[in-house]
Amino acid sequence: MQNNSSSQGSVLSVENLTVSFDGYKVVDDLSFSIAENELRVIIGPNGAGKTTVLDLISGRTRPTAGIIKFRGEDLKNKAEHEIVQLGLGRKFQTPSIFEDLTVFENLEISFPRGRDVFGAFFFKRDSEVEDRVNEVAKVIYLDDLLSHSAAALSHGQKQWLEIGMLLIQDPALMMLDEPVAGMTLNERKQTAELLNQIIEGRSVVVIEHDMNFVREIARWVTVMHQGKVLSEGLMGDVQKDPQVIEVYLGHS
Amino acid sequence: MFGYTFGELGSIFAMQGFAGLILFSVFLLMGLGLAIIFGQLGVINMAHGEFMMIGMYITYIMQLLFLHFLPDLMGIYFFFAMAVAFIFTAILGGCVEWLIIRHLYRRPLDTLLATWGISLILQQSIRVVFGTREVGVVKPDWMMGSISLTDMIDIQIYGLVVMVITIILTIFVMFAMLRSLWGKHVRAVVQNREMAGAVGINTARTDRMTFAIGCGIAGIAGSAFTMISSTAPDAGQHYIVDTFLVVVFGGAGSLLGTVVSAFTISQLQSTLEFFITGSMAKVWTLLVVIGILMVRPQGLFALKIRR
Amino acid sequence: MNKIFHGDAKYHFLVIAVLLLIIFPVGLDVFRLNLVGKYLTYAFVAIGLVICWGAGGILSLGQGVFFGVGGYLMAMNLKLEAAKADIGCTRALQETGSCIVQSTPGIPDFMDWASMTEIPMFWGFSHSLFLTIVMILTVPAILAFILGIAMFRRRVGGVYFAIITQAMAALLSILIIGNAGYIGGFNGITDLRTLKGWDIRTDDAKVLIYFVTAVLLLIGLIIAQIVLNSKLGRVIVAVRGQEDRVRFSGYSVANFKLAAFCFGAFMAGIGGALFTMNVGFIHANFVGIVPSIEMVIFCAVGGRFSIFGAVYGALVVNAAKTVFSEAYPELWLFAMGLIFVGVVLAFQDGLAGFYKQSIAPRLKQMWSSAD
């Protein structure tokens, strides 16, 4: 296990991050960093500011103060699509896929080639694209559903598709916001396996509520509360932290 | 300067300023009704000018009725006309909302097209009944003539009347927004429609009321405008672009924004008219407004809602 | 052809090609054929709107601006040529009606009426037909780029954008009407006679211009289909439905919206130029708010998602307009109003939708039972 307090050699480093809406500090002087090839789980009660942190990192919301560095580069004032092109992928809480397109087309559109207007016009679906789409489809358990409309997938499958759409971009950091929300027990197991697979060669940040799921995948955990970091460490240690227990009111 | 004395210039400015104030009243009266609808429902009613125009024709009808049946009361026919115009256009607006608009709330762009269609239908209906040419609406005796402020400055009484109506109506609407039950419902729905529904506000009814009241205000505007504009089926078309810009420039959901916006645009245009031709003044005004909107698309006073 | 038009689209393209290139020219007299030519110029705008509005979800109520730019550019070139032809006119010749004497010979008549003595600077490039064509192909799109870049980068919403485009249309028509000397003003630019010496007013010329219009329209359909087939087209469609997801897949949404808007402008500009060729004049009446919103209706009636529907929509609505407004002028505006409301409430997929639901299944039945 790595000690993650230094920002050297880290994929993501967040320092003194603050954002306030109408005077209320949703994220308050937050600092943490993610190392390469790390899987980090962020937990915390509702309203702790977890999704807002993702919004800030991915460029959806502008911070009031603080620095966000991705692979050493300051993300200040960068547009969302620029941040994505730097290698940061984000999955939303509710599955956000292209319902009008097929599973194949969803993955293809996420393939990191031809993402500007002229590139898109001249984009050809060659064997490189097809192979990669098939490859990713297999990982996300959708390889025999490629020609199906994305709208026809089950809720869990839509979540996987969205993860696949991130995976095909080969990001250095993937941020998943409640990836197993609304999934059946079986789907959760498969998702845990999926995550353990895709961790190869990249870092992953997961926001989750479901403690059983967290236990299956987590190594290093960050607990957030009221916009701040409450506790950070190995899953086992954090669970025993009295502050954490109090905040969760005895939830295990 | 320009061959006028200072005194003369001052008078010209005053009269121009007065004309500018009348324009301000026009924009504000038209903008009020539309702003309420746009603020709450997110729709721009392209037929707004036509509701105004119908208000004009109702005033015309009332005038005819009074002339025929109650000639002695001609002095006050105007107030009855305004009331009837409000009621009629409000009811008409409510019907239109019920028939057409309420199906389109998730599709604001389609509402633009549908309300344009309604405007065509309304225009043509009036044409069929009253003919294409303008009809004459008589001012009551006390509105004719002008007041002389000084030797050189003459202010038309009907212009004053329009401005007074505008001020009263604006205060009334603001009061209604802040104090009345309807106003509270509107503000709740604007800020959080789902929550408003969850606490028992009938959002569909509020929407309909708002649309109706917005159209009713347009009706009153029409009544007032019979004094300063010609009453014809295409009267509604003259001010629509300006009205839309006033509302968009002011910022959705802000009555204060509408007032400031109407003032800014009207003064800009009338000031420019002093120096250049009417059409170029309009062109430059449009360019400035559009330019500012490109830099600040949410308008002057936009409601800040947390995502 | 197979590569561009997949499946049924092949047949749709062929049907339109046969209709435009064979059926109409054979079945219609010159006058009516010329009318159809005019309708087809509107079809250009409608096809552009299928990409911009149908696919991209960007409602532009200002297509008249781009249509007008194309139309006026073409008219300016033709007008300069006509004006030059009258140089050396004498009173005697004027009696025979073959030319008109002007205070300043060689400049367009409306400039002469406005007592101008020189042609304004901005007419500079219009002397050259080549440059005129270059401008027709580029200026509308450049204008759209300038307009759009500010608004799309700032994420201006749909209704705001539509109102601003409408204001643009109003602005341009006011600008034109208020400047009789510079650009023809209230009367438009009329009395266009020849293109590089070739008289465009004869019947033969009108037929040829019709064919040029029809062929260019078919090329326009091909280009539009290529765009829709490409990933560019798919992203534009995705932007309409799920802007955020597209953004988070690494695409600059603003740029793709810009592309859709500029394509619409490009097509509208070509339509405008061909309009001037077909009818022989241009006027601010085709630039402002009313024509702009009518152009949207041509697209909507056809079925806003179908490029073939767009052609039929433009043909049907304009034909109806011509027929009705002569026979039942009072009824026509009612009908128009009802079309606007109907196409939004009940017939959202327009003619294309009607075809898909009612006609295509029956055709397929007939086809398979014929085997």
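Protein chains in written order, with the numbering used here: chain Z, 1262 to 1513; chain D, 152 to 458; chain U, 3 to 373. Just so you know, even glycine gets a beta-carbon here, dropped at the ideal spot from N, CA and C. Note that this is a predicted model, so its numbers are computed, not measured.
Item	Value
Limits of the unbroken beta strand (DSSP E) element including residue 1486 of chain Z	1481-1486
Proximity of residue 290 of chain U and residue 304 of chain U at Cβ, strictly below 9 Å	no
Nonlocal neighbours in the same chain, by C-beta distance under 7 Å from residue 23 of chain U, ignoring five residues either side	216
Chain U within 9 Å of residue 1373 of chain Z, Cβ atoms only	yes
Chain U contact residues for residue 1384 of chain Z, given Cβ-Cβ distances below 8 Å	232, 233, 234
Cutoff 9 Å: residue 11 of chain U Cβ touching any chain Z Cβ	no
Contact set between residue 244 of chain U and chain Z, taken where Cβ atoms lie within less than 7 Å	1357, 1359
Residues within the stretch 25-41 of chain U neighbouring chain Z, beta-carbon criterion of under 9 Å	none
Interface residues of chain Z facing residue 240 of chain U [CB-CB closer than 8 Å]	1359, 1361, 1362, 1370
Exposed unless 16 or more other CB atoms sit within 10 angstroms - verdict on residue 393 of chain D	buried
Residues sharing a beta bridge with residue 307 of chain D, DSSP	D/297
Backbone CA spacing between residue 443 of chain D and residue 400 of chain D [nearest angstrom]	8 Å
Residue 316 of chain D beta carbon less than 9 Å from that of residue 241 of chain D	no
Proximal residues, the stretch 417-434 of chain D versus chain U, C-beta separation under 7 Å	428, 430, 431, 433, 434
Nearest-angstrom Cα separation, counted from residue 1395 of chain Z out to residue 200 of chain U	60 Å
Contact with chain U by residue 275 of chain D, beta-carbon distance below 9 Å	yes
Selected residue, minimal CA-CA separation from residue 56 of chain U, among U/312, U/139, U/370, U/31	U/312
Terminal residues of the beta strand (DSSP E) in which residue 62 of chain U lies	Note, residue 62 of chain U: premise wrong, no beta strand (DSSP E); not H, not E.
Residue 350 of chain D versus residue 1313 of chain Z: straight-line alpha-carbon distance, rounded	27 Å
Best match in D/360, D/258, D/434 for proximity to residue 419 of chain D [C-alpha to C-alpha]	D/434
CB-CB length for residue 75 of chain U against residue 167 of chain U, believed under 8 Å	20 Å between Cβ atoms; not a contact.
Coarse secondary structure for residue 361 of chain D, derived from DSSP in three states	helix
Residue 21 of chain U - containing beta strand (DSSP E), residue span	Segment: none, residue 21 of chain U is in no beta strand (DSSP E) and carries neither H nor E.
Proximal residues of chain U, C-beta to C-beta of residue 1381 of chain Z below 7 Å	232, 233, 234, 237
Nearest-angstrom Cα separation, counted from residue 25 of chain U out to residue 16 of chain U	12 Å
Segment limits, beta strand (DSSP E) that includes residue 256 of chain D	Where residue 256 of chain D is concerned, there is no enclosing beta strand (DSSP E), given that its DSSP letter is neither H nor E.
Per-residue DSSP class, three states only, for residue 47 of chain U	helix
Cβ-Cβ separation, residue 1273 of chain Z to residue 1331 of chain Z (assumed contact under 8 Å), whole Å	6 Å
Selection from Z/1488, Z/1468, Z/1487, Z/1489 that minimises the alpha carbon distance to residue 1481 of chain Z	Z/1468
Buried/exposed call for residue 123 of chain U, threshold 16 Cβ in 10 Å	exposed
Distance, residue 1456 of chain Z Cα to residue 1403 of chain Z Cα	15 Å
Residue 111 of chain U versus residue 19 of chain U: straight-line alpha-carbon distance, rounded	40 Å
Opening and closing residue of the beta strand (DSSP E) in which residue 1435 of chain Z lies	1434-1438
Inter-residue spacing [alpha-carbon to alpha-carbon] between residue 253 of chain D and residue 165 of chain D	46 Å
Cβ contact check for the stretch 178-193 of chain D and the stretch 409-417 of chain D: 3 or more pairs under 8 Å	yes
DSSP-derived helix/strand/coil call for residue 382 of chain D	strand
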